[in-house]
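Below is one structure; the comments refer to it alone.
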Ligand code: CA
């Protein structure tokens, strides 16, 4: 944590661009801004930023395409900013490669909280023990936990340290959000995690802080869960891993005998 973190703001609206620049600067980032998609992709190549905020509606190429191009060479955290709440579902469903989404107008402190949460998650290989959470395993956990952030459940193996997930031996390519959700459920065992719990988990808040959770936040967890389920090849009717508890949230399916 010695060198300064680099932030890149890709946004054509000057007011929002300056707002986001301020938020990132206050959060300790060295910030560069770009006002078009092409400019943004170039800047991402040159700067190797840690965090990128990306406007969906840009004058030249849209945020999806920008995200796709950036993902070809960068592992930066990408927060997509969208102007319309009703676009959110479609957005998340399209697996744009973004790590998080925020609807405009947003509160600066919300953006700051999202970015702080992302930065607390390990990008790839963490510095071992102290960055591996999950020391408070429920006693009746359905998954086999080895105490070092590694879980095995019904043919699925997850390692927090290497951020890897395999199903029946084949490696899956999950987004950070999907990984985090799966990890939260494995960690909870057969205890139900409500959608609010999971929203807070993604924000890296404690489960019981009582911060505001919107319907869009919960909906976004549902969509991420749907994507995760698809990638796992899991069935909602006869789940091997992700069991929906109707109207409440999710928990791990029972261990197969
Ligand atoms: Ca725009």
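Numbering (the working numbering), first residue to last: 206 to 462. For glycine and all other residues, C-beta sits at the position ideal for the given N, C-alpha and C.
Would you say the beta carbon of residue 394 comes nearer than 7 angstroms to a heavy atom of ligand 1? Remark: the shortest separation between the CB of residue 394 and any heavy atom of ligand 1 does not fall under 7 angstroms.
Extract the residue ranges of the alpha helix (DSSP H) inside the segment 392-424, only unbroken runs of 4 or more that lie entirely within it. Unbroken alpha helix (DSSP H) runs of no fewer than 4 residues, entirely contained in the segment 392-424, are found at 400-407, following chain order.
How many Å lie between residue 302 and residue 260 at the Cα? Each residue's Cα considered, the two are about 14 angstroms apart.
DSSP three-state label for residue 249, please. In this structure, residue 249 counts as helix in the three-state DSSP scheme.
Sort out for me which residues DSSP pairs residue 215 with in a bridge. Note: residue 215 is bridge-paired with 239 and 259 in the DSSP secondary-structure output.
Provide the residue span of the beta strand (DSSP E) that contains residue 442, from first to last. For residue 442, there is no enclosing beta strand (DSSP E), as DSSP marks it with neither H nor E.
So who's on the other strand from residue 361, going by DSSP bridges? The secondary-structure analysis by DSSP pairs residue 361 across a beta bridge with 358 and 372.
Which residues bound the beta strand (DSSP E) around residue 456? From DSSP, the beta strand (DSSP E) with residue 456 extends over 454-457.
Residue 417, buried or exposed, once every other Cβ within 10 Å from all chains shown has been counted against 16: Counting the other CB atoms within 10 Å of its CB gives residue 417 a total below 16, which places it among the exposed residues.
Cut-off 6 angstroms between Cβ atoms - residues of its own chain near residue 216, not counting five sequence neighbours on either side: Same-chain partners within the cutoff: 222 and 260.
Roughly how many whole angstroms lie between the Cα atoms of residue 371 and residue 220? Rounded to the nearest angstrom, the two C-alpha atoms are 44 angstroms apart.
Per DSSP, what kind of secondary structure is residue 308 in: helix, strand or coil? Residue 308 falls in the strand class under three-state DSSP.
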